[in-house]
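These notes are about the structure you will find just below.
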Amino acid sequence: MQREHWGSRVGFILAAAGSAVGLGNIWKFPYLVGAEGGGVFLVVYVGFLIAIGFCVMIAEIALGRHAQANPFGAFKRVGGKRWSIFGLLAVLTAFTILSFYSIVGGWTIAYVVKTITGGFSGYSGAEFESHFGELVTSPIEPIVYHAAFMAFGVLIVINGITSGIERAAKIMMPLLFILLALLVVRSLTLDGAMAGVRYFLVPDWSHLDADMVAAALGQAFFSLSLGMGALITYGSYLGEKESIPNAAGWVVCLDLLVAVLAGFLILPAVFAFNMDPAAGPGLTFITLPAIFAELPFGIVVQLCFFLLLFVAAITSAISLLQVVVSFVGEEFNVCRQWTTVWVGVAIFLFGVPSSLALGVWGDVTFYDMNIFDLLGYITDTFFLPIGAIATCLVAGWVSYDKFAAEVTNEGQRPFAYLTAWKWMCRVAAPIGILWVMYEAIFGA
Ligand code: PHE
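Mind the numbering: the sequence shown is residues 16 to 459 in the working numbering, read in order.
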């Protein structure tokens, strides 16, 4: 059977950028900047994004396109049987991450629905806080929204690459940029916004430490959707004439742009209202709604913001879903539609304990972590970095010639940094990633 391809280069770039731009950019990046000391985090992050993230992304896309297969098939074809275990790991990582990513995605739907139905009218800051607590700890409500979020994802992926994922990305990514631009303008025109801008942009080098550097590299990987097969999968549908470094460059730039804009949206607002930028994960769901509530037409601002979060989350979720769907569909030769439905149901069910872990199952802990935190810890600390290292080693050592041919389109589109890229994959990126793993396991 002829393998489906993206309808256009722009379609691929938007879909891959849709995967990269997610809750990681809008929810996690600003709170990491807030918690890790501002501008200095930004500087280190950008450095990693360009030096390591860009290289690994090229390797992942090239792996997928060369093999024309899902991550498992791709590792097997390019590296041989021994390496296929890493493809399997990537599929497992995508499955696991989507199971809890979808829970947070469900919260964004909950906030959109509640804003529209007037559920937040007259709320004060403290009420937003208790409301968030009630939502995430309730045994039923977040699971219903988690189901709704997965259902959205299934409805997109079931239509395939061009009429499903690519079409969704072409509609949603422009929408995302419009919403983001509107919100940034609103935030920057608040009285006192400049203090936030300064905090975000001016590095204070005294915050530079190993912990922060490790967090920046980990975030760069997560934000670019690396290490879990998403770009291997998307790359496998990329036409053979396209330039991989060029496409990867676009995706990295768009991802960075959204992270920076999210910083310009969130930090100025937090400073203008004298809130704590180091508030952590609650920044998005508690601090910001409380700020919006104070503004004229705050309800509109709030609606735009939660829609933005939802759009960012769903375009990322579909790339994870596609990883698992392409694996099951290709390796077991089953029809795409049914595979998509059943994979969606399985991921939904697997995610339920993570949601309960924030409430009624809170005391089920392993190594002092509830199930939600534990899954995040295992995937972030072990699965993701191992997947990324495996990709680098296959690209740099095991099949370098095939990769070099793929990255340069058989020499027809020379890549000026090919040698630098090779050594990045061979040595620098694996060492950097190993060090982050070490920090995450043994660090403070
Ligand atoms: N990159 C996404 C984000 O920033 C998360 C993600 C990771 C999505 C891996 C797909 C694959 O939120």
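No residue lacks a Cβ here, since even glycine has one placed at the ideal position from N, Cα and C. Since we're looking at a predicted model, the values are computed, not measured.
Mark residue i as exposed unless 16 or more other C-beta atoms lie within 10 angstroms of its C-beta, in which case mark it buried.
{"i": "Arg97", "result": "exposed"}
{"i": "Leu463", "result": "Since the displayed the chain opens at 16 and closes at 459, residue 463 lies outside it and no answer follows."}
{"i": "Ala435", "result": "exposed"}
{"i": "Ser178", "result": "exposed"}
{"i": "Ser334", "result": "buried"}
{"i": "Phe457", "result": "exposed"}
{"i": "Leu399", "result": "buried"}
{"i": "Ser136", "result": "exposed"}
{"i": "Val275", "result": "buried"}
{"i": "Trp220", "result": "exposed"}
{"i": "Phe381", "result": "exposed"}
{"i": "Ser139", "result": "exposed"}
{"i": "Gln427", "result": "exposed"}
{"i": "Met165", "result": "buried"}
{"i": "Pro45", "result": "buried"}
{"i": "Asp206", "result": "exposed"}
{"i": "Thr204", "result": "exposed"}
{"i": "Met187", "result": "buried"}
{"i": "Ser145", "result": "exposed"}
{"i": "Met243", "result": "buried"}
{"i": "Tyr252", "result": "buried"}
{"i": "Val349", "result": "exposed"}
Between which two residues does the alpha helix (DSSP H) containing residue i stretch?
{"i": "Gln427", "result": "Unbroken run through Gln427: none, as it is neither H nor E."}
{"i": "Tyr126", "result": "Lys96 to Ile131"}
{"i": "Met227", "result": "Ala225 to Ser238"}
{"i": "Gln462", "result": "Residue 462 is absent from the model: the chain starts at 16 and stops at 459."}
{"i": "Asp291", "result": "Element bounds for Asp291: n/a, residue is neither H nor E."}
{"i": "Glu454", "result": "Ala444 to Phe457"}
{"i": "Ser370", "result": "Arg351 to Ala372"}
{"i": "Val55", "result": "Gly54 to Phe63"}
{"i": "Ala410", "result": "Here Ala410 belongs to no alpha helix (DSSP H), and DSSP marks it neither H nor E."}
{"i": "Cys70", "result": "Phe69 to Ala82"}
{"i": "Gly211", "result": "Ala208 to Leu216"}
{"i": "Glu309", "result": "Leu303 to Glu309"}
{"i": "Tyr46", "result": "Phe44 to Ala50"}
{"i": "Ser34", "result": "Arg24 to Ala35"}
{"i": "Ser202", "result": "Arg182 to Leu203"}
{"i": "Gly391", "result": "Ile386 to Ile393"}
{"i": "Ala66", "result": "Taken as a continuous stretch (DSSP letters only), Ala66 belongs to no alpha helix (DSSP H), as it is neither H nor E."}
{"i": "Thr396", "result": "Per DSSP, Thr396 belongs to no alpha helix (DSSP H) and is neither H nor E."}
With distances taken between CB atoms, is the gap from residue i to residue j smaller than 9 Å?
{"i": "Leu282", "j": "Val217", "result": "no"}
{"i": "Val169", "j": "Gly37", "result": "no"}
{"i": "Cys70", "j": "Met384", "result": "no"}
{"i": "Phe461", "j": "Gly411", "result": "What is shown of the chain runs 16 to 459, which leaves residue 461 out entirely."}
{"i": "Thr123", "j": "Leu324", "result": "yes"}
{"i": "Gly133", "j": "Val159", "result": "no"}
{"i": "Phe56", "j": "His222", "result": "yes"}
{"i": "Ser34", "j": "Ala245", "result": "yes"}
{"i": "Ala455", "j": "Cys407", "result": "no"}
{"i": "Asn174", "j": "Glu346", "result": "no"}
{"i": "Phe143", "j": "Ile301", "result": "yes"}
{"i": "Trp357", "j": "Pro368", "result": "no"}
{"i": "Gly22", "j": "Glu181", "result": "yes"}
{"i": "Phe279", "j": "Val151", "result": "no"}
{"i": "Ala235", "j": "Tyr60", "result": "yes"}
{"i": "Val11", "j": "Lys185", "result": "Residue 11 is absent from the model: the chain starts at 16 and stops at 459."}
{"i": "Gly460", "j": "Phe147", "result": "In the structure displayed, the chain extends from 16 to 459; residue 460 sits before or after that span and is not available."}
{"i": "Ala230", "j": "Trp450", "result": "no"}
{"i": "Met290", "j": "Gly52", "result": "no"}
{"i": "Leu239", "j": "Met72", "result": "yes"}
{"i": "Ile76", "j": "Gly447", "result": "no"}
{"i": "Ala105", "j": "Phe90", "result": "yes"}
{"i": "Glu19", "j": "Ile176", "result": "yes"}
{"i": "Ala405", "j": "Phe387", "result": "no"}
{"i": "Phe307", "j": "Ala210", "result": "no"}
{"i": "Ser331", "j": "Gly39", "result": "yes"}
{"i": "Gly344", "j": "Thr354", "result": "yes"}
{"i": "Val93", "j": "Lys417", "result": "yes"}
If you measure from the CB of residue i, is any heavy atom of the ligand FMN nearer than 8 Å?
{"i": "Glu156", "result": "Absence of the ligand FMN is noted for the structure shown, with the ligand PHE being the only ligands found."}
Mind listing, in chain order, the residues whose beta carbon lies closer than 6 Å to a non-hydrogen atom of the ligand PHE? Ser34, Ala35, Gly37, Leu38, Gly39, Asn40, Phe237, Ser238, Ser240, Met243, Ala245, Ser331, Ser334 and Leu335
Quick check on the DSSP output: what are the complete alpha helix (DSSP H) runs of length 4 or more inside the region 243-282, in order along the chain? 245-250
Please give me, in chain order, every unbroken run of the alpha helix (DSSP H) with length at least 4 that falls completely inside the region 127-177. 140-152 and 156-172
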